[in-house]
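Have a look at this one:
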């Protein structure tokens, strides 16, 4: 899917639940965050998350509640200009976390100079349409993910 970053709202409205914050992950958190992602979402997404820590600032936002990670979103990890992977702890869904993580990452991409973002291997297309105005890119599956090695069943959305 394609997102026009220049069309994002300057001040996105947040539905974020009480006590939840969104911020960039920091290098000292690398092992903790990647371990959580691998345990919660699998080795494939953990591998992509590792790449998010290869720059400063990191290319990952995390959702935190009670000093624990409850969600994450990456950008520029599998390919430049790409958003994802992203995931929210199953027990925390429905509180606006995914939306806030998406908008934080897309805003960071816009601030880095991108005009557009690509969301590859999309799972919840309607979500991306509603929150970011994303549009489908015809004939783009599997795209850059073709021939990729997977150590386990492919996560939904990849």
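Numbering (the working numbering), first residue to last: 23 to 180. Cβ coordinates follow ideal geometry from the N, Cα and C atoms, glycine included. Since the model is a prediction, treat every value here as computed from it, not as a measurement.
**OP:** Given a cut-off of 7 Å, decide if residue 59 and residue 85 are closer than it, judged by their beta-carbon atoms.
**Re:** Against the chain shown, residue 85 aligns to sequence position 63. Against the chain shown, residue 59 aligns to sequence position 37. No.
Original post:
Going by other Cβ atoms of all chains shown within 10 Å of its Cβ, with 16 needed for buried, is residue 81 buried or exposed?
Top reply: Here residue 81 refers to the residue found at position 59 when the chain shown is read from its first residue. Under a 10 Å Cβ-count criterion, residue 81 is classified as buried, with 16 or more other Cβ atoms of the shown protein chains found around its own Cβ.
Subject >> Through-space distance from residue 70 to residue 114, alpha-carbon basis >> reply: If you number the chain shown from 1, residue 114 lands on position 92. If you number the chain shown from 1, residue 70 lands on position 48. Answer to the nearest angstrom: the Cα atoms are 22 Å apart.
**OP:** Just the C-alpha distance for residue 135 and residue 39, rounded to the nearest angstrom, thanks.
**Re:** In the chain shown, the residue the question calls residue 135 occupies position 113. In the chain shown, the residue the question calls residue 39 occupies position 17. Across the structure, residue 135 and residue 39 are spaced so that their CA atoms are roughly 30 Å apart.
Subject >> When 63, 68, 37, 117 are compared against residue 52, the one with the closest alpha-carbon >> reply: Translated into positions along the chain shown, residue 52 becomes position 30. Residue 68 is the option with its Cα nearest to residue 52.
Original post:
Nearest-angstrom Cα distance between residue 74 and residue 97?
Top reply: Looking up residue 74 in the chain shown gives position 52. Looking up residue 97 in the chain shown gives position 75. For residue 74 and residue 97, the distance between alpha carbons rounds to 7 Å.
Original post:
Where DSSP assigns a beta bridge to residue 141, which residues make up the other side?
Top reply: Position 119 of the chain shown, counted from the first residue, corresponds to residue 141. Secondary-structure assignment with DSSP links residue 141 through a beta bridge to 105.
Original post:
Which one or two residues does DSSP pair with residue 24 in a beta bridge?
Top reply: On the chain shown, residue 24 is found 2 positions in, with the first residue counted as 1. For residue 24, the beta-bridge partners assigned by DSSP are 140, 157.
Original post:
Are the stretch 160–169 and the stretch 116–125 touching, with three or more C-beta to C-beta distances below 8 Å?
Top reply: At 8 Å Cβ cutoff, the stretches do not touch.
**OP:** For residue 93, write down the residues that DSSP places opposite it in a beta bridge.
**Re:** Counting from 1 along the chain shown, the entry for residue 93 is found at position 71. Answer is 85, 110.
**OP:** Quick one: using the 10 Å Cβ neighbour count with 16 as the cut-off for buried, is residue 54 buried or exposed?
**Re:** The residue you call residue 54 lines up with position 32 of the chain shown. Under a 10 Å Cβ-count criterion, residue 54 is classified as exposed, with fewer than 16 other Cβ atoms of the shown protein chains found around its own Cβ.
**OP:** State yes or no: is the C-beta of residue 61 nearer than 6 Å to some heavy atom of the ligand HEM?
**Re:** This structure does not include the ligand HEM; it has no bound ligands of any sort.
Original post:
So what does DSSP say about residue 127, is it helix, strand or coil?
Top reply: Within the chain shown, residue 127 is the residue found at index 105, counting from 1. The answer is helix: DSSP assigns residue 127 an H, G or I state.
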